[in-house]
Amino acid sequence: MPKVRSVFLSDIHLGTRACQADRLLDFLREYSAEQTYLIGDIIDFWAMSRSICWTQAQNTVVQKLLRRARHGERVVFIPGNHDEALRDYCGIVFGEIEVVDELVHEMADGRRFLLIHGDQFDQVTRHHRWVAVLGDKAYDLLVRLNHWLSWGRRKLGLAGYWSLAGYAKRKVKTALNFIFDFETSAVHHARERGLDGVICGHIHWATIREIDGLSYVNCGDWVDSCTAIVEHFDGRLELVAWGEARPQALLAAPLSETAEV
Numbered sequence: 002m003p004k005v006r007s008v009f010l011s012d013i014h015l016g017t018r019a020c021q022a023d024r025l026l027d028f029l030r031e032y033s034a035e036q037t038y039l040i041g042d043i044i045d046f047w048a049m050s051r052s053i054c055w056t057q058a059q060n061t062v063v064q065k066l067l068r069r070a071r072h073g074e075r076v077v078f079i080p081g082n083h084d085e086a087l088r089d090y091c092g093i094v095f096g097e098i099e100v101v102d103e104l105v106h107e108m109a110d111g112r113r114f115l116l117i118h119g120d121q122f123d124q125v126t127r128h129h130r131w132v133a134v135l136g137d138k139a140y141d142l143l144v145r146l147n148h149w150l151s152w153g154r155r156k157l158g159l160a161g162y163w164s165l166a167g168y169a170k171r172k173v174k175t176a177l178n179f180i181f182d183f184e185t186s187a188v189h190h191a192r193e194r195g196l197d198g199v200i201c202g203h204i205h206w207a208t209i210r211e212i213d214g215l216s217y218v219n220c221g222d223w224v225d226s227c228t229a230i231v232e233h234f235d236g237r238l239e240l241v242a243w244g245e246a247r248p249q250a251l252l253a254a255p256l257s258e259t260a261e262v
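Note that this note's numbering has the sequence shown beginning at 2, numbered continuously upward.
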């Protein structure tokens, strides 16, 4: 089991059918860390206001995170827009888990990164909430369809994980423009703060890339792509794509390259 300095997770969406808690548990069992950062949308209060799906695996995820905190690992929770109700509790510690609005994390190599969910850079979420809620429902439909497509691919003997939501993002120009605008805004905010980069979530688009000399890192999600970011003890960041099964090899993604899911 590899031990890393830090684990960065976002957009788990506990409380929904789309949450892939079983795969997240496999990942957490594989990767122990000195510190774990939960960067928003960990619990999906938006979806739970419509209907609640809370499985044993999801319950175990919560228990495992609490156990890590009790055993001395630093666990920090940064609420996102889907669990924004918890922003009222920033500055409080629950079960040894710190709740903060944002955080500046210093890497092992001295670089300083802003940890923030990212809905602050999404103009739709900030100013047109009803559009964001409608988009959330549409995304949930894509994830449900992907479940049946994955089942059909397995029956046909097609190997590998294929993401319908990821395919739509790559093919729809407006989606790509939204992603690029989001990334640019996030990096601009980090630059204004005098930081070396930003680690965020929100848009379910995992990547490690360099934009205008700063590092932009997105954790992805655990409803579609099953991705996380880990920091090694030399400060190197790696994008881990867990996918449908345990990966055979996990390759580090240098900051000068782009890794997308």
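Virtual Cβ for every residue (Gly too), placed ideally from N, Cα, C.
Cβ contact check for the stretch 87-105 and the stretch 69-79: 3 or more pairs under 8 Å | Yes: the two stretches touch, three or more of their Cβ pairs being nearer than 8 Å.
Do you know how far the Cα of Ile200 is from the Cα of Ser186?
-> For Ser186 and Ile200, the distance between alpha carbons rounds to 13 Å.
Looking at Asp120 and His203, is the spacing between their C-beta atoms short of 9 Å?
-> Annotated as proximal: His203 and Asp120, with beta-carbon spacing under 9 Å.
If you drop the 5 nearest sequence neighbours on each side, which residues of the same chain put their C-beta closer than 7 Å to that of Leu196?
-> The residues are Val105, Arg113, Phe114 and Leu115.
Among Asp102, Asn82 and His83, the one whose alpha carbon lies nearest that of Tyr90 | The residue from Asp102, Asn82 and His83 with its alpha-carbon nearest to that of Tyr90 is Asp102.
9 Å Cβ cutoff met for Gly81 and Ile53 | Inclusion of Gly81 and Ile53 in the CB contact set at 9 Å is not warranted, their separation being larger than that value.
What residue range is occupied by the uninterrupted beta strand (DSSP E) comprising Glu31?
-> Per DSSP, Glu31 belongs to no beta strand (DSSP E); it is in the alpha helix (DSSP H), Ala22 to Glu31.
Reduced DSSP secondary structure (H/G/I, E/B, other) of Ala19 | Ala19 carries a coil assignment under DSSP once its states are collapsed to helix, strand and coil.
So Arg264 is in the alpha helix (DSSP H); what residue range does that whole segment cover?
-> In the structure as shown, the chain begins at 2 and stops at 262. Residue 264 is therefore absent and cannot be evaluated.
Are the Cβ atoms of Val218 and Gly198 separated by less than 9 Å?
-> Yes, the Cβ-Cβ distance between Val218 and Gly198 is below 9 Å.
What residue does the alpha helix (DSSP H) around Ala48 start on, and which one ends it?
-> Where Ala48 is concerned, the enclosing alpha helix (DSSP H) stretches over Phe46 to Met49.
Go through its chain and collect everything with a Cβ distance to Cys20's Cβ below 7 Å, but skip five positions before and after it.
-> Scanning its chain for C-beta atoms nearer than 7 Å, with the 5 sequence neighbours on each side dropped, one finds around Cys20 the residues Ile13, His14, Gln59, Trp223 and Val224, in chain order.
Residue closest to Arg68, alpha-carbon to alpha-carbon, out of Gly41, Asp84 and Ala34 = In terms of CA proximity to Arg68, Ala34 leads the group Gly41, Asp84 and Ala34.
Considering only C-alpha positions, which residue in the set Gln64, His205, Val63 and Gly73 is nearest to Phe179?
-> Nearest C-alpha to Phe179: His205.
With 16 as the cutoff for other CB atoms within 10 Å, does Ile43 come out buried or exposed?
-> Buried.
Pull up the DSSP beta-bridge partners for His106, would you.
-> Beta-bridge pairing links His106 to Phe114.
Output the distance between the C-alpha atoms of Leu25 and Arg51, rounded to the nearest integer angstrom.
-> Put simply, the backbone Cα of Leu25 is about 24 Å away from that of Arg51.
Exposed unless 16 or more other CB atoms sit within 10 angstroms - verdict on Ala86 = With fewer than 16 neighbouring CB atoms inside 10 Å of its own CB, Ala86 falls in the exposed class.
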